[in-house]
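Okay, so here's the structure we're looking at.
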């Protein structure tokens, strides 16, 4: 019984380390979207839009972004649509930016427990049945899920059963 309790403590400590790593990575994502004067985030937004368009393969889509990112998204829409059209060998799609519903703003001290979005976009087919969530937070979640075994092995070594 003592051995089980010790093992549970070790596993809990490992989970705490991984959770704090993910939280640190999430905070780091905010620095990417906060550099609006930088072309890096603008290019990233364009690439995220193109990737969603390639996944959706729809002639007309609805795009949602953070209100803070609206002007950047509008600046890259035409080039993203053109890049998609060239890659997919189709006509450029109609991209309708949702000006009624925005993604949540980035986290702050005031809304630390509210929903937040570190940046990126969500595109959907016009009927809303197909959705491509390409926010920075969603991508971080995917990477952590896919790479969790490798992360654990790198941090804690080979786990003996």
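Numbering (the numbering used here), first residue to last: 127 to 287. The beta-carbon is built from N, C-alpha and C at its ideal position, and this holds for glycine as well. Remember, predicted model here, so these are calculated numbers, not experimental data.
Using a Cβ-Cβ distance cut-off of 8 Å, the stretch 258-272 and the stretch 145-157 are in contact, since at least three pairs of beta carbons, one from each stretch, lie closer than that value. In the pairwise beta carbon analysis, the stretch 200-219 is classified as touching the stretch 176-192: at least three pairs are separated by under 8 Å. Nearest Cα to residue 249 within the set 240, 180, 189 and 167: 189.
Distance between residue 159 and residue 136, taken at the CA atoms: about 36 Å.
Taking C-beta atoms as the reference points, residue 176 and residue 209 count as a pair closer than 7 Å. One Cα belongs to residue 205, the other to residue 255, and the distance between them is close to 26 Å. When C-alpha distances from residue 270 are compared across 232, 282, 144 and 223, the shortest belongs to 144. As for any beta strand (DSSP E) of minimum length 3 sitting wholly inside the stretch 221-266, the runs are 246-251 and 257-261, ordered along the chain. Scanning 142, 173, 168 and 227 for the CA closest to the CA of residue 191 turns up 227. Pairing residue 198 with residue 179 gives a Cβ-Cβ distance that is not under 7 Å.
The beta-carbon distance between residue 173 and residue 231, rounded to whole angstroms, is 22 Å. This is too long to meet the 8 Å contact definition. Only residues of its own chain outside the window of five on either side were considered, and among them 189 have a CB closer than 6 Å to the CB of residue 223, listed in chain order. Taken in chain order, the complete beta strand (DSSP E) segments of 3 or more residues contained in the stretch 157-219 are 186-191.
In the assembly as shown, residue 260 is a buried residue. Its beta-carbon has 16 or more other beta-carbons within 10 Å.
Inter-residue distance for residue 129 and residue 253 is about 55 Å (C-alpha atoms, whole angstroms).
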